[in-house]
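S.K.:
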Amino acid sequence: MNKYDLVVIGAGPSGYAAAMRSLDFKKKTLIVERNRVGGAGITNGALSSKTWWELSREAAAFRKSLKRYNIPVPSINYSEIQAEVRRAVQERKSLLEEQMTQLKNSKDHQFEFKVGEARLIDKNTVEITRGTQSEKVWADHVVLATGSRPRYLPELPIDEKIVMTSEGIEEMTDFPESMVIVGAGVIGCEYATIFSGFGRTKVHLIDKGDRILPFEDEDVVRIIERNMENNGVLIHRNSKLVRMTKVNDRVEYELEYTDNTRQIFNVEKALVSVGRIPNLEDLWEDKVGIAISKKGIENTDTQTTVPNVFAIGDLTADISLVNVGELEGRYAVERMFGKPERKLVYENISTIMFLSPEVAGVGMNEIQAREQKIDYKVVTLEYSTIPRAIAKRNTQGFIKLLVTNDNAMKILGMKVVGNHASSAIQAVAVLISMDRGIEELAECVHPHPSITEGIQECVRMLMGKSTLKPGALSGRLSCRACIDGKYQDLKF
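Following this line, the structure appears as structure tokens:
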């Protein structure tokens, strides 16, 4: 029986990160994958959908430019778009596979990769099955990183052809003329943005509340909803899906609204986006004794109830994001073979929503601060005041910075809505992780023109020394304190 310091089950983003970190410790490492290297993070998840989004954004901008000069808009070929997405997926997948091949063939023989179904027979024995053949290997430590899959609703006729999840949507052969999306969370809203952006699909979005993205601040949601509706998206607010059926290779669905009225709609396709569930089935024998809950594998800082077995990524109840899964994978290995330099925390995770415009954030938003009864100061600056946004001829968006309501003004969180949003938040994320105040940002020399100059101006407003004054440019700038849930304008 071959012996390894670490066996990683699953070669998605989190498992791959764990295996590579293990090699840093010079440990003999085996990674086992039953299907596709990169997992949903590449093939039908983060990379794939974000490539669709980038191409959709380009198409929307191209149409806008042509209309500005009264030039006819050409038709978009679905197969060419799909082929470009698949090239992006293959490019990333090939990179990961190339690295594994080189590591496997290296002289130190510390890394191996096997294709097959892996399961724990006991806490140290992993059985790997491929077709009719199987083998057993010994593992001092095990990382479970088998990811997740789309959640199915049993009452919906999901066939991955007409009624689809993110698994089936990649296999469509043309833009549907109409599509309903069940689920107005981040993923549902991203797909609504993608398909409406190409200008070929009338998108319906079912939302049980009075607004999409209920966990986001109202000013963020307002701009996203407005753009969606300007792009032709029909948002079914305050609605409940009563039934969905397939009729003549189309989708018929009925909604009931909060006023008890009902309405029936007919569309070509449906996308069900109601979350994901962890891939736990047949992963270990009962005698191994790994505890699970309704949300996933129970763990303490990635360590399961079996001390030498760790769980990371979508298998746990923590945040299901690629960057979080990678962070957990690296942290788990550091716990096994070393000592982590810092505790695993989730409060300063950077996030991005691929909407129109893009939305990036780190730390708390206003909803979370009020829920935790934290008094804070908040400054908001519209993109219309930032030279780079003006130069790009796209001033839609804003920057919002939250700090503690005291002299220290430690950063609680930031949200950027608009072009280059994801590029603007990292410096603030570092300061949050260091539990630092805002003074470091006030006098940095930012490149000009850049979106990050807007962050600097936000900081200077809080410090009472901004170039642009909130009192003189009311509506485009604001600086307020929220005390006991009530706002008051700050005057300097």
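Those letters in the sequence shown? Residues 1 to 492, per this note's numbering, in order.
All C-beta atoms in this analysis are idealised placements derived from N, C-alpha and C, irrespective of residue type, glycine included.
On a predicted model such as this, the values are computed, not experimentally measured, just so you know.
(1) Please report the straight-line C-alpha distance between P449 and Q396, rounded to a whole angstrom.
(2) Out of G185, F195, T245, state which residue places its alpha-carbon closest to the alpha-carbon of V221.
(3) Buried or exposed: K240, going by 16 or more other Cβ atoms within 10 Å of its Cβ?
(4) Find the nearest neighbour of V309 within the set G437, L321, L283, judged by alpha-carbon distance.
(5) Name, in chain order, the residues that DSSP records as bridge partners for I128.
(6) Roughly how many angstroms lie between the CA atoms of T258 and P157, to the nearest whole one?
(7) Pairs of beta-carbons, one from the segment 399-407 and one from the segment 370-386, closer than 8 Å: are there three or more?
(8) On the DSSP letters alone, give me the boundaries of the beta strand (DSSP E) that A270 sits inside.
(9) Is there contact here, the segment 332-339 with the segment 17-33, by at least three beta-carbon pairs under 8 Å?
(10) Could you tell me which residues DSSP pairs with G363 in its beta bridges?
(11) Compute the Euclidean distance between the alpha carbons of A311 and P387, then round it to the nearest angstrom.
(12) Excluding sequence positions up to five away, which residues of its chain have a Cβ less than 6 Å from the Cβ of H141?
(13) May I ask you to list the residues that DSSP assigns as paired with D489?
(14) Applying the 10 Å Cβ sphere with the 16-neighbour rule, what's the burial state of R243?
(15) Please classify T129: is it buried, with 16 or more other beta-carbons within 10 angstroms of its beta-carbon, or exposed?
(16) Let me make sure I understand the geometry here. Which of Y253, D174, A424, R250 has the alpha-carbon closest to that of I76?
(17) Can you grab the Cα-Cα spacing for the pair V416 / E366, in whole Å?
(18) Would DSSP call I277 helix, strand or coil?
(19) Excluding the five sequence neighbours on either side, which residues of its own chain have a C-beta within less than 6 Å of the C-beta of H420, listed in chain order?
(20) Once DSSP output is grouped into helix, strand and coil, what is the label at Q396?
(21) The beta strand (DSSP E) with S239 in it runs from where to where?
(22) Please report the distance separating the alpha-carbon of R57 from that of T193.
(23) Going by other Cβ atoms of all chains shown within 10 Å of its Cβ, with 16 needed for buried, is N299 buried or exposed?
(24) Select from T132, F111, L103, V288 the residue whose C-alpha is nearest the C-alpha of I121.
M.R.: Answer, in terms of the structure:
(1) Near 17 Å, if we compare the C-alpha coordinates of Q396 and P449.
(2) G185
(3) With a threshold of 16 other beta carbon atoms within 10 Å, K240 falls short and is exposed.
(4) L283
(5) Partner(s): A118, E135.
(6) 25 Å
(7) Three or more beta-carbon pairs separated by less than 8 Å link the segment 399-407 to the segment 370-386, which places the two stretches in contact.
(8) 269-272
(9) Yes: the two stretches touch, three or more of their Cβ pairs being nearer than 8 Å.
(10) G413
(11) 46 Å
(12) Answer for H141: L6, N308, M336, listed in chain order.
(13) R480
(14) exposed
(15) exposed
(16) Nearest C-alpha to I76: D174.
(17) 13 Å
(18) strand
(19) I451
(20) coil
(21) Per DSSP, the continuous beta strand (DSSP E) segment holding S239 begins and ends at 239-247.
(22) Straight across, the Cα-Cα distance linking R57 with T193 is about 9 Å.
(23) buried
(24) V288
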